[in-house]
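Residue numbers (our numbering): 1 to 285.
Here's the structure, in structure tokens; my notes come after.
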Amino acid sequence: MAAILIDGAAIARELYADFKQRVSALGSRGVRPGLAAILIGDNPASEVYVRTKTRACAEVGVHSVQHRFGVDCPEREVVELINCLNADPAIHGILVQLPLPPRLNAERILQSIAADKDVDGFNWTNLGAMVAGHTLLAPCTPLGIMTMLDREGIALEGRNAVVIGRSVIVGKPLALMLIARGATVTVCNSKTRDLRQYTSLADILIVAAGKPGVVDGSMLKPGAVVIDVGINRLPDGKLTGDVDFASASLVASRITPVPGGVGRMTVAMLIANTVTAAERSIGAG
Ligand code: GUN
1 MAAILIDGAA
11 IARELYADFK
21 QRVSALGSRG
31 VRPGLAAILI
41 GDNPASEVYV
51 RTKTRACAEV
61 GVHSVQHRFG
71 VDCPEREVVE
81 LINCLNADPA
91 IHGILVQLPL
101 PPRLNAERIL
111 QSIAADKDVD
121 GFNWTNLGAM
131 VAGHTLLAPC
141 TPLGIMTMLD
151 REGIALEGRN
161 AVVIGRSVIV
171 GKPLALMLIA
181 RGATVTVCNS
191 KTRDLRQYTS
201 LADILIVAAG
211 KPGVVDGSML
221 KPGAVVIDVG
231 INRLPDGKLT
241 GDVDFASASL
251 VASRITPVPG
261 GVGRMTVAML
271 IANTVTAAER
281 SIGAG
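What follows is the structure in structure tokens.
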């Protein structure tokens, strides 16, 4: 059986129509959502991601500004800018594109973003709320995955969800969101022994390992839903996920493509969080 593709691009397009309406409703109350993106150094992938996010803002009418720093910039200057943006009423969301040059203390920089403008959801207030089963502003990739599963009508309660990857950006918050929805959650990592022992039990398998080919079709439970978070560039320049798509799509019932899957949802959720933050700034939403 060939799996049905979960089309992240199509779901994102539907969501954008809703965001445009919310932006227009805010406009009639004199508010235009604003996003500030901070880019430090010259990582080519980060350049592409920030450009994609800025384009998405323009598409739905969110105002966006970019702030750039050289690779050698003092940490103090970045934190000073964030303090200004925290106080700027025209800015509702602030993101610092990762990864940062290793010289900088990413924790100190990220934690200086005000929790109510932390549209990446990396602030400890926003991450911590999830431990208690709440989402204030949730990290974009896990939020995008949950939105995708819901839009596809995939039941979570009582089902086995296996997450490969334990990062603060994806694996850990996603596990908390799945737990909050009543799934039985297993979190694997690069040290997990006999990975297939776990993957073969998964009704829903989410792979955020950052390495191509971590999972193939022989490791899946027949009919599993497979969400591939990986974005890896091959030597020939092509993008590929963490899952061997050719073999997995023969065993899974549904699977996300790379590109055109989770990545599109991540950007959509950044816009969602920015619009939500703007709505909350006037007591709506
Ligand atoms: N780098 C990789 N993923 C992300 C993300 O979701 N947000 C930011 N700011 N940087 C990233």
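C-beta: ideal position from N, C-alpha, C; glycine also.
Bear in mind the structure is a predicted one, so any value in this text is a computation, not a measurement.
One thing to note: cysteine 73 has its Cβ no nearer than 9 Å to the Cβ of isoleucine 94.
Relative to the Cα of glutamate 80, the nearest Cα in the group Leu239, Val163, Gly260, Ala114 belongs to Ala114. Chain-ordered, the residues whose CB falls short of 6 Å from any heavy atom of the ligand GUN come out as Leu95, Val96, Gln97, Leu98, Asp120, Cys140, Thr141, Ile169, Thr266. Restricting attention to Thr186, Val168, Asp242, Val229, the CA atom closest to the CA of arginine 159 is found in Thr186. For the 9 Å CB-CB criterion, leucine 156 and isoleucine 204 form a contact. Taking a cut-off of 8 Å on C-beta distances, the region 227-242 does not touch the region 28-42, as fewer than three cross pairs fall below it. Contact between methionine 265 and isoleucine 145 holds: CB atoms are separated by about 7 Å, below the 8 Å threshold. A direct Cα-Cα distance of roughly 29 Å separates arginine 76 from lysine 172. In the DSSP assignment, histidine 67 is bridged to Ile38. For isoleucine 82, the enclosing alpha helix (DSSP H) stretches over residues 75-87. Our two residues, leucine 15 and aspartate 216, have alpha carbons roughly 31 Å apart in a direct line. Around arginine 151, the same chain offers Ile11 as residues with beta carbons nearer than 6 Å, after the five sequence neighbours per side are excluded. In the three-state reduction of the DSSP assignment, alanine 3 falls in the coil class, being assigned neither a helical nor a strand state. Taking all protein chains in view, the Cβ of glutamate 107 is surrounded by fewer than 16 other Cβ atoms within 10 Å, so the residue is classified as exposed. By the beta-carbon neighbour count (other beta carbons within 10 angstroms, threshold 16), glutamate 279 is buried. Cβ neighbours of leucine 270 within its own chain (closer than 8 Å, five residues either side excluded): Leu35, Lys53, Ala56, Gly93, Leu95, Val119, Asp120, Cys140. No Cβ-Cβ contact shorter than 9 Å links valine 65 with isoleucine 82. Scanning Thr276, Ala9, Arg233, Ser249 for the CA closest to the CA of lysine 221 turns up Ser249.
A straight-line Cα-Cα distance of about 22 Å links valine 262 and aspartate 236.
Close CB contacts of serine 46 within its chain, under the 7 Å cut and outside five residues either way in sequence, are with Leu39, Gln97 (chain order).
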